[in-house]
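The opening residue of the sequence shown carries number 10 in my numbering; numbering runs sequentially from there.
Ideal placement from N, C-alpha and C gives every residue a C-beta, glycine not left out.
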Amino acid sequence: MITPFLDRPRIAYFSMEIALASDVPTYSGGLGILAGDTLRSAADLRIPLVGVTLASRRGYFRQEIDDNGRQVEHPVPWDPSQRAESLEAKIVVRVNGRQVWVGGWLYIVQSQSGGTVPVILLDTDLPENDERDRDITHYLYGGDQVYRLKQEIVLGIGGLRMLQALDFNVRNYHMNEGHSALLAVELMRRFRYHDRRRSEEQNYNVPGVRTLCRFTTHTPVEAGHDQFDWGLVQELLDGFVDLDVLKQYAGKERLNMTRLALNLSGFVNGVARRHAETSRKMFPGYEVHAVTNGVHPRTWAAPTIAALYDRHIAGWCHETLLLNRADQIADEEIWSAHTTAKKQLIERVQQHCSVTLDPEVPIIGFARRMTAYKRPDLLFSDIERLRTIARRYPFQLVFAGKAHPRDEAGKHAIWDLHRHIQTLRGDVRAAFVPNYDMAVAGDLIAGSDVWLNNPLRPLEASGTSGMKAALNGVPQLSVLDGWWVEGCVEGVTGWAIGNDREGANGDDAESLYQKLEEKVLPLWHGDRAKWIALMKSVISKNAAYFTSHRMLRRYAIEAYLR
Ligand SMILES: *Cc1c(COP(=O)(O)O)cnc(C)c1O
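Right, here's the structure in full:
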C-alpha cells in the first residue's frame, strides 16, 4: 500500500541501481550498495525518503568461472511480483517519437526498528508498449549508448512523473550519480514562465530547479561520466526541451550528465574528502562538498559480531558512535566472534571452490569490481617475493569480484588471478569465490583477518568494503585514496600502502610487500593480544564513524534542510 507513505514530504532518492537484498539483482556494485545502505539507514532513522530506480527484471548477471579461469555471464531474471507490490499508476514518456508507458512496483525497505521506506521500481515491460520498448528497464548497465539514454529518460523523467502520479509530496530530489539528471530538465520544463518579453532561456526558472535538486558525484575520471551525442539526444528526445538551452547546462559538445546535474543542483558533493578535492579540480568553479560514505551497521556486521555488540553496546544500531566503547569488550569474546565469522568463510570457500583453508593461518581478503584501476594483480608483481614472505609468515588469500561484461581488462584480471592462484599452489593457499554479491561480501569481509585494497590514486572515489571490514573489527591495508585518507591511523586502524603523494602509484608493490612482511603478518603471528587490541581500535575508531547513519544524518542536515 502506497497511502501510508504519502502523509508527509519526502526526499526522492534516484539511483540507477539499488541493492535492496542480496538476491534481488538490481545492483552491480558499490554505487548500488551505497544506495541500498542509504535507504536502510533512512528506514532505521525514520528520515522520510522514497527510492526510485529501474526494475531491472533481467538483473545484472550471475558470474560463473569456467575451468580456464574465465568469467562466464548468466542472466539473473527475477520476478518483482514475488518481492514487491504492483502499482496501478502508469505514466508516459516520449522516446524516439513513441509513447512509452512506464509502470511501477512498490518495494518496502524494512528496518528492524519498525521504520519503513518505499522504493519505486520503474518497469516498461507492459503489453501496451511497442516490443522495442518493453525491455528498456530490463538490463542493468546492458546495451549500448542508445539503450542507456533510453534508460536514463525512463529513470529521470519517468521517475519524476511516476512520483507525481502516485501523489508523493517531494521536498528534494537527490541524484545518486548523474544517470537520473534528466529529472532536473523535466523540472526546468515545469518551472517555466511564459513571458514573451524574455528569451527562451530566461523563461526557464533555473534557480527554482536548483532549490529542489541535490547531486552526489561518484566518479573521479572524466571518461567515467555518461555522455551522449547531441544527435542521439535530438533523435530520442525530440521536442522535449530546447536543445540550445540545454547545451548551456549540459555541455556544448555532448550531453554530459554530470555537468547537467552540477549545473542544476543547489548542493553537490563528493563521497570522501579526497574525492571532493579531486572533483573540484575536475570541475573548477563549482562548490563541491564532501560527505564521506558509510555502510549500514546491521547489514554489514556478521551475525556473531552483531550479537557481540548487542550484548555489550546497547543501542549501537541506532547510535553507532557508541561502538567507540569496543575497548570494554573482553578479548576472548572478540576473538571468538571473529573465529566464528572466519569459519563461515572457510566453509563457503570449501563449498564453492573446493579449497581447504586453515583456520590457524591469517586470511587476506580482496574483493571488488574487477577492473584495471583497482589493480587486483598488484600483489603478484613479484611472485618469488610473495613466496619468500609466505615461508616466513604463512598467509592465505581469498578473492572475489565481477568484471563488467564489456570490460576486457577486468575479465583478463580475473583470468590472471586464477593463473596466479595455480602458480602459488603448494606455497600459499588461495581461492577465488565466484559471483560476488552482498552475501559473498558479507562472509568474505567479516571472515578475513586483513582487508586489502590497492587502487590507482586518485581513482577510488570512496571504497566502502574497507568500512564493512572495520565494522567487523578487520583492519585494512590500503593505498591512501578514497575514504582511507580519513580512516587510516597507521598501526592503529590498519596500514597505508605507499604514501599520500599523487603519482606515488609506482612504488606501491614494494610498499605492500614491506608492510606485509614487517608489520601486518609479524603482528598476527606474534602477539595475539596486540592483534585483538588492534581489532578493538578498528571498531572504536572506524566502525563507529564510517556508517551510513552518520552519512545520511549529514545529508539530512547539510543537503536536505538547506
Ligand atoms: C561493498 C561492495 C562493493 C563496493 O566495494 P568497494 O570497496 O567500494 O569496491 C561492491 N560489491 C559488493 C557486492 C559489495 O558488497
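Next on the checklist: In the DSSP output, what is R103 paired with across the bridge?
Outcome noted: Q108
Next on the checklist: Using only the alpha-carbon positions, how far apart do E356 and L395 sit?
Outcome noted: 25 angstroms
Checklist entry - Residues in its own chain within less than 8 angstroms of P464 by CB, not counting five upstream and five downstream? => result Y382, K383, R384, G472, V488, D490 and G491
Checklist entry - Run through DSSP, which three-state label would S274 get? => result coil
Checklist entry - How many whole angstroms separate the CB atoms of Q257 and E210, which I take to be in contact at a CB cut-off of 8 angstroms? => result 7 angstroms
Item to check | Where the alpha helix (DSSP H) containing Y182 begins and where it ends | outcome: Looking at the DSSP string, Y182 is not in any alpha helix (DSSP H); the run it does join, the beta strand (DSSP E), is V179 to N185.
Next on the checklist: By DSSP's criteria, T556 is part of a beta bridge. Which residues make up the other side?
Outcome noted: V304
Item to check | Cα-Cα separation, Q108 to L172 | outcome: 19 angstroms
Item to check | Start and end residues, beta strand (DSSP E) containing S345 | outcome: From DSSP, S345 is part of no beta strand (DSSP E) but of the alpha helix (DSSP H) over D340 to C362.
Checklist entry - Which class does H147 belong to by DSSP, given the choice of helix, strand or coil? => result DSSP places H147 in the coil class of the three-state scheme, outside both helix and strand.
Checklist entry - Is there at least one non-hydrogen atom of ligand 1 closer than 7 angstroms to the beta-carbon of T473? => result yes
Next on the checklist: Using a Cβ-based criterion (distance less than 7 angstroms to any ligand heavy atom), does R377 qualify as near ligand 1?
Outcome noted: yes
Checklist entry - What's the C-alpha gap between I338 and Y318? => result Spanning the alpha carbons of I338 and Y318 requires a straight line of approximately 9 angstroms.
Checklist entry - Could you give the distance in angstroms between the alpha-carbon of A281 and the alpha-carbon of V254? => result 33 angstroms
Item to check | Run of the alpha helix (DSSP H) containing W325, from where it starts to where it stops | outcome: Looking at the DSSP string, W325 is not in any alpha helix (DSSP H), and its letter there is neither H nor E.
Item to check | Validate contact between the stretch 221 to 235 and the stretch 256 to 271 using beta carbons, cut 8 angstroms, 3 pairs | outcome: yes
Checklist entry - DSSP state of S520, grouped into three classes? => result helix
Next on the checklist: Please identify the residue among L480, N462, G41 and E469 whose C-alpha is closest to the C-alpha of L486.
Outcome noted: N462
Next on the checklist: Beta-carbon within less than 6 angstroms of W309's beta-carbon, same chain only, minus the 5 sequence neighbours each way: which residues are those?
Outcome noted: K477 and L480
Item to check | I27 Cβ short of 7 angstroms to ligand 1 heavy atom set | outcome: No; taking the cut-off as 7 angstroms, the Cβ of I27 has no heavy atom of ligand 1 nearer than that.
Next on the checklist: Using 8 angstroms as the threshold, is the C-beta distance between I322 and L332 below it?
Outcome noted: yes
Checklist entry - Looking at the structure shown, is S2 part of a helix, part of a strand, or coil, going by DSSP? => result Nothing about residue 2 can be reported from this structure: the residues present for the chain run from 10 to 571 only.
Item to check | Cβ separation of Y116 and L58, assumed to be a contact under 8 angstroms, to the nearest whole Å | outcome: Actually they are not in contact, since the Cβ atoms of Y116 and L58 sit about 13 angstroms apart, beyond 8 angstroms.
Checklist entry - For R334, which of helix, strand or coil comes out of DSSP? => result helix
Next on the checklist: Less than 8 angstroms between the C-beta atoms of L273 and A335, yes or no?
Outcome noted: no
Next on the checklist: Under DSSP, the alpha helix (DSSP H) around G456 begins and ends at which residues?
Outcome noted: Unbroken alpha helix (DSSP H) run through G456: M447 to G456.
Item to check | Cβ-based neighbour list, A51, same chain, cut-off 7 angstroms, excluding 5 preceding and 5 following | outcome: L58, V126 and L561
Checklist entry - In terms of alpha-carbon separation, which member of E417, A270, N508 and I20 lies closest to Y182? => result I20
Item to check | According to DSSP, residues forming a beta bridge with A505 | outcome: S487
Checklist entry - If we count Cβ pairs, one from each stretch, closer than 8 angstroms, do we get three or more for the stretch 425 to 438 versus the stretch 449 to 461? => result When Cβ pairs closer than 8 angstroms are counted between the two stretches, the stretch 425 to 438 is seen not to touch the stretch 449 to 461, the count staying below three.
Next on the checklist: Within the continuous alpha helix (DSSP H) that includes T220, where are the two ends?
Outcome noted: Where T220 is concerned, the enclosing alpha helix (DSSP H) stretches over V215 to L221.
Next on the checklist: Can you give me the C-alpha to C-alpha distance between D536 and A399, rounded to a whole angstrom?
Outcome noted: 18 angstroms
Next on the checklist: Buried or exposed for Q160, going by 16 or more other Cβ atoms inside 10 Å?
Outcome noted: buried
Next on the checklist: Taking a contact to mean a Cβ-Cβ separation below 8 angstroms, would you say I27 touches A565 in this structure?
Outcome noted: no
Checklist entry - How about M184: is its Cβ closer than 7 angstroms to a heavy atom in ligand 1? => result no
Next on the checklist: In whole angstroms, give me the CA-to-CA distance for T365 and F408.
Outcome noted: 14 angstroms
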